[in-house]
Every structure is written in C-alpha cells, then in structure tokens.
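Heads up, the sequence shown stops at 258 in my numbering, and the numbers go up one at a time, no gaps. Below: one structure, written as structure tokens.
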Amino acid sequence: MLNILRTKIIIISIFCLFGIAWTTSNLLAVMNSTHYEIWADAVSVGGGEDQASANYKLQDTVGESAIGRSTSTNYSARIGFREMELNSSATPALILTLGAGNVNFGTLTKNGPNVTPSHTLITGTNSATGLSITFSGSPLTCPSCASNSNIGSTVSTPFTASAGTNQFGLSAIFQSAISNPAASLYPYNNANQFAFDSSLPLISSSGATGLSTFILKYVANVNGTESPGDYVTTLTFTATANF
16 MLNILRTKII
26 IISIFCLFGI
36 AWTTSNLLAV
46 MNSTHYEIWA
56 DAVSVGGGED
66 QASANYKLQD
76 TVGESAIGRS
86 TSTNYSARIG
96 FREMELNSSA
106 TPALILTLGA
116 GNVNFGTLTK
126 NGPNVTPSHT
136 LITGTNSATG
146 LSITFSGSPL
156 TCPSCASNSN
166 IGSTVSTPFT
176 ASAGTNQFGL
186 SAIFQSAISN
196 PAASLYPYNN
206 ANQFAFDSSL
216 PLISSSGATG
226 LSTFILKYVA
236 NVNGTESPGD
246 YVTTLTFTAT
256 ANF
C-alpha cells in the first residue's frame with residue numbers, strides 16, 4: 016500500500032531585546048523575481064560601499080532628497096538608503112523578519128521527489144556584541160496517528176536530501192547584507208545539506224550588523240513505513256542581542 020502523507024510547518028517568529036520577547040511587524044519594500052532580489056535601492060547621484068584609506072572607511076550615498084526619520088503615535092519611518100542601516104549611536108535596535116508564516120510540503124511518498132520549500136529571514140542589530148538567532152520545535156509529527164507518527168529526528172551533522180529516507184531538516188544560506196553581514200552557522204550553512212538540532216544556533220554576528228538576508232530551506236522525506244496522515248510542527252525563531 017502506498018502511504019500518503021501531507022505535511023506543513025507553521026512558523027512563529029519571536030523577537031528578543033533586553034531579555035524581553037515581543038512580536039512586531041517590519042515592512043521592507045523588497046523587489047524580486049524568480050532569480051533575483053533587490054531588497055533596497057535608492058535614486059541618487061553617487062556614493063559607494065568601499066571608499067577607504069589606511070585609517071578610514073566611508074560608506075555614503077549622495078543626492079537623495081527628503082531623508083531622515085519621522086514618527087507618530089503608532090508608526091515610525093527611516094527614510095533614505097543609509098537610514099536603513101543600524102548604527103551604534105542610534106536607539107538600540109534588533110530586527111528579525113520572516114518571509115512566510117508557514118511552508119507546505121504537500122503530499123510525500125517514499126518515491127519522492129525531494130521537496131524543499133523555502134522563505135527569507137532578514138535580521139540586523141546595532142548591538143556592539145552582535146546577535147544570535149536560534150529556533151525551537153520538534154520534527155514533523157502526526158497527532159492523529161497511533162504509531163510510526165514521526166518524520167525526522169534530531170540530527171546535528173549535515174545530511175543530503177534522499178527520497179525513501181525518513182528525514183526532516185533545514186538550512187540557512189546567506190544571500191546579501193548592507194554591511195557587516197551576520198553569518199549562518201554549522202551545521203546549517205551548507206547550501207545542499209540540512210540538519211535539525213534546536214540546541215545549535217542558526218545565525219550569529221560578533222558585532223553590529225546591517226540588515227542581512229538568508230534563505231531558510233526545509234526538506235522532508237519518508238521511507239514508506241510512516242502512518243498516513245497530516246504531519247505538522249511549529250518552529251519558533253528567536254533573535255537575541257545584548258545592549
């Protein structure tokens with residue numbers, strides 16, 4: 016008998032600052048297509064990212080108009096390309112934005128094919144000691160199944176997606192950053208491999224970092240012995256910075 020399994024991941028994002036957790040919403044005017052993404056741009060007449068001498072480095076944008084910051088009771092705006100950068104002299108800031116609230120594997124069978132849904136994660140902080148992003152949650156489970164109700168387990172070394180194998184994992188691949196990028200960590204930083212161990216941090220930086228974009232990719236496969244049913248999990252991503 017062919018086992019049919021439907022799977023879904025529900026993603027909840029949590030933001031941590033000064034040891035307090037809260038939820039918030041961040042808006043970035045990202046322009047993208049199938050193969051490209053421009054997460055931010057500016058209409059200007061010049062500037063650059065790499066103007067440097069022996070003792071100094073300059074990152075500037077010349078020719079923008081009406082830049083600065085604006086606030087009201089419920090909203091705040093940082094207008095201008097450089098205003099999006101987080102610097103140590105500004106109000107303490109920590110950003111974590113997920114590009115999707117859930118991902119769906121559809122129907123899985125032991126014959127595959129490998130399905131690897133993905134979404135973006137954008138983070139940044141002006142903390143001089145950097146940030147750390149972790150996740151919590153369990154592999155896929157089927158609440159209504161009496162037995163053989165798990166897909167995947169804790170795996171702390173990278174593995175390759177393989178149809179016909181019971182496995183579940185994720186990876187975090189760096190895409191771009193304004194400046195001083197954060198970095199994905201082993202075992203999640205392999206483009207074509209995956210892992211799942213919530214005791215291991217996902218992303219970190221050692222100092223202040225400009226907005227850094229990562230692609231979080233997931234994989235799930237079955238070996239055919241699992242009970243048919245709906246398999247789900249909830250993953251919670253937490254960003255922590257010290258100010």
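We put the beta carbon where it would ideally sit given N, CA and C, even for glycine. A quick note: this is a predicted structure, and the numbers were derived from the prediction, not measured.
Buried or exposed: which applies to ALA192, given that a residue is buried once 16 or more other Cβ atoms fall within 10 Å of its Cβ?
Taking the first residue of the sequence shown as position 1, residue 192 is located at position 177. Answer is buried; the Cβ neighbour count reaches 16.
Coil, strand or helix - LYS72 by DSSP
On the sequence shown, residue 72 is found 57 positions in, with the first residue counted as 1. Note: LYS72 maps to strand in three-state DSSP.
Do we get a CB-CB distance below 8 Å when we pair PRO216 with the residues of chain B?
No chain B is present in this structure, which holds just one protein chain.
Given a cut-off of 8 Å, decide if SER213 and ALA198 are closer than it, judged by their beta-carbon atoms.
In the sequence shown, the residue the question calls residue 198 occupies position 183. In the sequence shown, the residue the question calls residue 213 occupies position 198. No. Outside cutoff.
Report the residue ranges of all beta strand (DSSP E) runs contained in full by the region 187-234; include only those spanning at least 3 residues, in chain order.
209-211
What residue range does the beta strand (DSSP E) around PRO173 cover?
Looking up residue 173 in the sequence shown gives position 158. Residues 170-174.
State the start and end residues of the unbroken beta strand (DSSP E) segment that holds SER133.
Stepping through the sequence shown from its first residue, residue 133 is reached at position 118. Start and end: 133-140.
Give every residue of the same chain whose Cβ lies closer than 8 Å to the Cβ of SER40, excluding the five residues on either side of it in the sequence, and list them in chain order.
Stepping through the sequence shown from its first residue, residue 40 is reached at position 25. Interpretation of SER40 is limited by its pLDDT of 39, a score under 50 that renders its predicted location unreliable; the figure taken from the coordinates is listed afterwards. Once the five neighbours on either side are set aside, SER40 has no close Cβ partner at all.
Between the alpha carbons of LEU200 and LEU146, how many angstroms are there, rounded?
As a first step, residue 200 must be located in the sequence shown, where it is residue number 185. As a first step, residue 146 must be located in the sequence shown, where it is residue number 131. Approximately 13 Å between the Cα atoms of the pair.
Are ILE180 and ASN238 closer than 8 Å when you measure CB to CB?
Start at 1 with the first residue of the sequence shown, and residue 180 comes out as number 165. Start at 1 with the first residue of the sequence shown, and residue 238 comes out as number 223. A small correction: the amino acid at residue 180 is Thr; Ile does not occupy that position in the sequence shown. Yes, they are a contact pair.
Write down the C-beta distance between GLY139 and THR224 rounded to the nearest angstrom, noting that I regard them as a contact closer than 8 Å.
On the sequence shown, position 124 is the one that residue 139 refers to. On the sequence shown, position 209 is the one that residue 224 refers to. About 5 Å; that satisfies the 8 Å criterion.
With distances taken between CB atoms, is the gap from PHE211 to VAL247 smaller than 8 Å?
Locating residue 211 in the sequence shown gives position 196, where the first residue counts as 1. Locating residue 247 in the sequence shown gives position 232, where the first residue counts as 1. Going by C-beta atoms, PHE211 is not nearer than 8 Å to VAL247.
Leaving out the 5 sequence neighbours to the left and right, which residues in its chain are closer than 6 Å to GLY114 when beta-carbon positions are compared?
In the sequence shown, the residue the question calls residue 114 occupies position 99. Same-chain partners within the cutoff: HIS134, THR135.
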